[in-house]
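Undergrad: Taken in sequence, the protein lines are chains W and C.
So that you can map any letter, position 28 of the first sequence is 1090 in my numbering, and since no number is skipped, the others follow by simple counting.
So that you can map any letter, position 29 of the second sequence is 1008 in my numbering, and since no number is skipped, the others follow by simple counting.
For reference, the structure I am asking about is given below.
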Amino acid sequence: AQKVTQAQTEISVVEKEDVTLDCVYETRDTTYYLFWYKQPPSGELVFLIRRNSFDEQNEISGRYSWNFQKSTSSFNFTITASQVVDSAVYFCALSERNSGYALNFGKGTSLLVTP
Amino acid sequence: DAGVIQSPRHEVTEMGQEVTLRCKPISGHDYLFWYRQTMMRGLELLIYFNNNVPIDDSGMPEDRFSAKMPNASFSTLKIQPSEPRDSAVYFCASTPGLAGVNEQFFGPGTRLTVL
């Protein structure tokens, strides 16, 4: 069963628009970690953020912000004022204590930002 | 630090041949992971090591795949014999401390094509 669901396969926005990438996870563990990674067209995987299950504080880093809600098992990612350089595939991932903390990735959301 | 180093970056081989992928983790990182990325299955964990010892190899698809970590600075993923369905990008990642808790640093990947 898929533990991390990224329902949006592809999103296309025009530069300067705000965009939210959804991530819904499934776990019975009380201790777990959530991650977002970016994969630009060049192919490397770039770490964006880590959040543990005990910290529901939202986080903002420049144009990026993350909304973690345990009640809905969601960890959504918003890019404000998107730029062409934001075009990439974005992956949400879950690691659980009961699974030895192996990373379980979602299928990814491909974001295209056009000028 | 140079980051996680993988070689080769691209490999084209014929069905039935042996393929060896190599990885040098970041110095001081206790954990090393091998992932495979395909369009159909996304990013999948194949195996991970802690202090050179394989911890979880449940993701290794079949006996044709094997991985070793003879020392803290080197790991190999071998496919013998290779098949066209093994065509994918193979990523190596490393992390300090407890796996899944800390950020995983990914290498640039090896793009394998089996004809």
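Note that beta-carbon positions come from the ideal geometry of N, C-alpha and C, so glycine has one too.
Could you tell me if G995 of chain C is buried or exposed, where buried requires 16 or more neighbouring beta carbons within 10 angstroms of its beta carbon?
TA: G995 of chain C is exposed by the Cβ-count criterion.
Undergrad: With a threshold of 16 other CB atoms inside 10 Å of the CB of M1018 of chain C, please say whether the residue is buried or exposed.
TA: By the neighbour-count rule (16 or more Cβ atoms within 10 Å), M1018 of chain C is not buried but exposed.
Undergrad: Exposed or buried, D1042 of chain C, counting other C-beta atoms within 10 Å across all chains shown (16 or more means buried)?
TA: Flag for D1042 of chain C reads exposed.
Undergrad: Buried or exposed, going by whether 16 or more other CB atoms sit within 10 Å of the CB of P1249 of chain W?
TA: Lying before the first or after the last residue shown, residue 1249 of chain W is absent from chain W, which here runs from 1063 to 1177.
Undergrad: If you draw a straight line from the C-alpha of A981 of chain C to the C-alpha of N1029 of chain C, how long is it?
TA: Cα to Cα, the separation comes out at about 21 Å.
Undergrad: Could you work out which residues of chain W lie near L1024 of chain C, taking near to mean beta carbons separated by less than 8 Å?
TA: Simply A1164, L1165, N1166.
Undergrad: Would you call the CB atoms of L1083 of chain W and Y1126 of chain W closer than 8 Å?
TA: No, they are not a contact pair.
Undergrad: Is the Cβ-Cβ distance between V1108 of chain W and C1085 of chain W less than 8 Å?
TA: Cβ atoms of V1108 of chain W and C1085 of chain W: not closer than 8 Å.
Undergrad: Below 7 Å between beta carbons is the criterion; list the residues of the stretch 1019-1045 of chain C that meet it against any residue of chain W, in chain order.
TA: Answer in chain order: G1021, L1022, L1024, Y1027, I1034, D1035.
Undergrad: Would you mind sorting L1094 of chain C into buried or exposed? The rule is 16 or more other CB atoms within 10 Å of its CB.
TA: With fewer than 16 Cβ atoms within 10 Å of its Cβ, L1094 of chain C is classed as exposed.
Undergrad: Would you call the stretch 1062-1081 of chain C and the stretch 1001-1021 of chain C in contact, with 3 or more CB pairs under 8 Å?
TA: They touch, by the three-pair rule.
Undergrad: From this set, W:E1079, W:K1100, W:V1081, which residue's C-alpha is nearest A1155 of chain W's C-alpha?
TA: Answer by Cα proximity: W:K1100.
Undergrad: Consider the Cβ of F1153 of chain W: report whether some Cβ of chain C lies at a distance smaller than 8 Å.
TA: It does; some Cβ of chain C falls within 8 Å.
Undergrad: What in chain C is Cβ-close to F1109 of chain W, meaning under 9 Å?
TA: Going along chain C in sequence order, the residues near F1109 of chain W (Cβ under 9 Å) are E1082, Q1083, F1084, F1085.
Undergrad: Tell me which residues of the stretch 1115-1149 of chain W have at least one Cβ-Cβ distance to chain C shorter than 7 Å, keeping chain order.
TA: Going along the stretch 1115-1149 of chain W in chain order, one finds no residue with a Cβ nearer than 7 Å to chain C.
Undergrad: Assuming V1146 of chain W and P1177 of chain W are in contact, meaning their beta carbons sit under 8 Å apart, how far apart are those beta carbons, in whole angstroms?
TA: About 6 Å; that satisfies the 8 Å criterion.
Undergrad: Within the continuous beta strand (DSSP E) that includes K1047 of chain C, where are the two ends?
TA: It spans 1044-1050 - the beta strand (DSSP E) in which K1047 of chain C sits, taken as one unbroken run.
Undergrad: Between which two residues does the beta strand (DSSP E) holding N1114 of chain W run?
TA: Start and end: 1108-1114.
Undergrad: Any Cβ of chain C within less than 8 Å of the Cβ of R1113 of chain W?
TA: R1113 of chain W does not count as touching chain C.
Undergrad: Give the residues of chain W in contact with V1105 of chain C, contact being defined as C-beta atoms less than 9 Å apart.
TA: Nothing can be reported for residue 1105 of chain C, as the shown portion of chain C is limited to 980 through 1094.
Undergrad: Are A1150 of chain W and L1173 of chain W touching if we call contact CB-CB under 8 Å?
TA: Contact flag set, yes.
Undergrad: Give a yes or no on whether the minimum CB-CB distance between G1076 of chain C and chain W is below 8 Å.
TA: Closer than 8 Å: no.
Undergrad: On the criterion of 16 or more Cβ atoms from any shown chain inside 10 Å, does T1171 of chain W qualify as buried, or is it exposed?
TA: By the 10 Å Cβ count, T1171 of chain W comes out buried.
Undergrad: Is the CB of G995 of chain C under 8 Å away from at least one CB in chain W?
TA: No, G995 of chain C lies away from the interface with chain W (no Cβ there is under 8 Å from its Cβ).
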